[in-house]
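What follows is a short report on a single structure.
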Amino acid sequence: MKLDLSGRLALVGGATSGIGWAVAKTFAQAGACVVIVARSENRLKARLEELRAISDAQHEAIMANYDNPNSISALIETLREKAIVPDIIVNNAGGPPPGALTEAERDEFHRALDRLIVASHQLVQYALPRMKAERWGRILSVISTSVRQPIEGLGVSNTVRAATAAWAKTLSMELAPYGITVNSILPGATRTERLEQIIAARAAARGIEQRIVEEEMLREIPLHRFAEPEEIAALALFLSSEMAGYITGECIRVDGGRTRCL
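Counting from 0, one number per residue, gives the positions in the sequence shown under numbering that gives the first Met the number 0.
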């Protein structure tokens, strides 16, 4: 069975590295026209060339900072000027810096909310009129297994990502009558720059080698390995396809069995 996104236009955030890039690449391979969004103009240009090598669809790259609502407003204006309205939105942005919740400053919460919820909400509001008119749409949020089981040392991230899941669930109920599905993907430890940051922070806090932290993390995962970004992208592809039209409001873990709850 081949999942086909031909004729669909997908907007993918954080799309120059890690999970975001894996999703963008996978969607392009499935026939979608992909708009990649990230902060680095140079990296966007390089990734756009890679997408164009995959298919001859009219892929686009637009620079934006998910931390800044004004930047997202500018992104939306650019989309409007180019007559780009996505059928599929993949909300994906890096998490807040590691740290204890009790040591977090107020501004850290504000930045995390802007990045993980406000930016996503702005983009969804822009695309909704067309999605409703066509009675079809896919909205995905790449979050974290911390939605189900908080992760030590990620105080702000645990808090705001849980709020992101609540936002997505509420949205799914409001949009279901229009044939629009809204789902959240909860990756476990995945080989990305973010994972490297977490391992480094934990090692520094304890004064031990990063290798030891990595070995401890792997022992907690029944499959005894970290996920590859492409494995997360595979679920995003399925949820964006026609095959997943009856799945909405879900938080789906891709964590190698690490999360202990049912």
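Heads up, the beta-carbon is just placed ideally off N, CA and C, and yes, glycines get one too. What you are looking at is a predicted structure, and each value in this text was computed from that prediction instead of being measured.
Inter-residue spacing [alpha-carbon to alpha-carbon] between residue i and residue j
i, j, result
"Arg110", "Arg205", "27 Å"
"Ile61", "Val89", "15 Å"
"Ala235", "Leu139", "7 Å"
"Leu194", "Ala188", "7 Å"
"Ala9", "Leu238", "13 Å"
"Thr15", "Ile207", "31 Å"
"Ile116", "Asp3", "29 Å"
"Ser72", "Thr101", "33 Å"
"Met172", "Leu78", "27 Å"
"Lys24", "Ile211", "33 Å"
"Ala27", "Ala243", "18 Å"
"Glu49", "Val22", "13 Å"
"Arg134", "Pro128", "10 Å"
"Glu192", "Lys131", "36 Å"
"Thr247", "Ile184", "12 Å"
"Arg38", "Asp66", "10 Å"
"Ser54", "Ile231", "21 Å"
"Ala200", "Glu213", "12 Å"
"Val11", "His120", "14 Å"
"Arg348", "Gly6", "No answer is possible for residue 348: it lies beyond the span of the chain, which begins at 0 and ends at 261."
"Arg51", "Thr169", "36 Å"
"Ile75", "Glu59", "13 Å"
"Thr158", "Gln57", "38 Å"
"Ala226", "Gln196", "16 Å"
"Gly256", "Pro186", "11 Å"
"Val155", "Ile142", "13 Å"
"Ile198", "Glu80", "42 Å"
As assigned by DSSP and simplified to three states, the class of residue i
i, result
"Ile284", "For residue 284 there is no data in the structure shown, the boundaries of the chain being 0 and 261."
"Leu153", "strand"
"Arg252", "strand"
"Thr189", "strand"
"Gly94", "coil"
"Ile207", "coil"
"Lys1", "coil"
"Phe108", "helix"
"Val84", "coil"
"Ala161", "helix"
"Arg224", "coil"
"Glu219", "coil"
"Thr258", "coil"
"Thr144", "helix"
"Ile246", "coil"
"Ala202", "helix"
"Ala103", "coil"
"Ala175", "helix"
Where the alpha helix (DSSP H) through residue i begins and ends
i, result
"Leu8", "Counting along the chain, Leu8 falls outside any alpha helix (DSSP H), though it belongs to the beta strand (DSSP E) covering 8-11."
"Met62", "No alpha helix (DSSP H) contains Met62, which is instead part of the beta strand (DSSP E) from 59-62."
"Glu229", "228-239"
"Thr25", "17-28"
"His120", "118-133"
"Ile53", "40-53"
Bounding residues of the beta strand (DSSP E) (the contiguous stretch that carries residue i)
i, result
"Ile88", "87-90"
"Thr77", "Premise fails: Thr77 lies in the alpha helix (DSSP H), 68-80, not in any beta strand (DSSP E)."
"Asn182", "179-186"
"Ser140", "136-141"
Neighbour flag for residue i against chain C, beta carbons, 8 Å
i, result
"Ala188", "No chain C appears in the structure shown, which is made up of a single protein chain."
If we count Cβ pairs, one from each stretch, closer than 8 Å, do we get three or more for the stretch 210-220 versus the stretch 171-179?
-> no
Between the stretch 93-100 and the stretch 25-44, do three or more beta carbon pairs fall short of 8 Å?
-> no
Looking at C-beta atoms only, is the number of pairs between the stretch 136-153 and the stretch 161-172 that lie closer than 8 Å three or more?
-> yes
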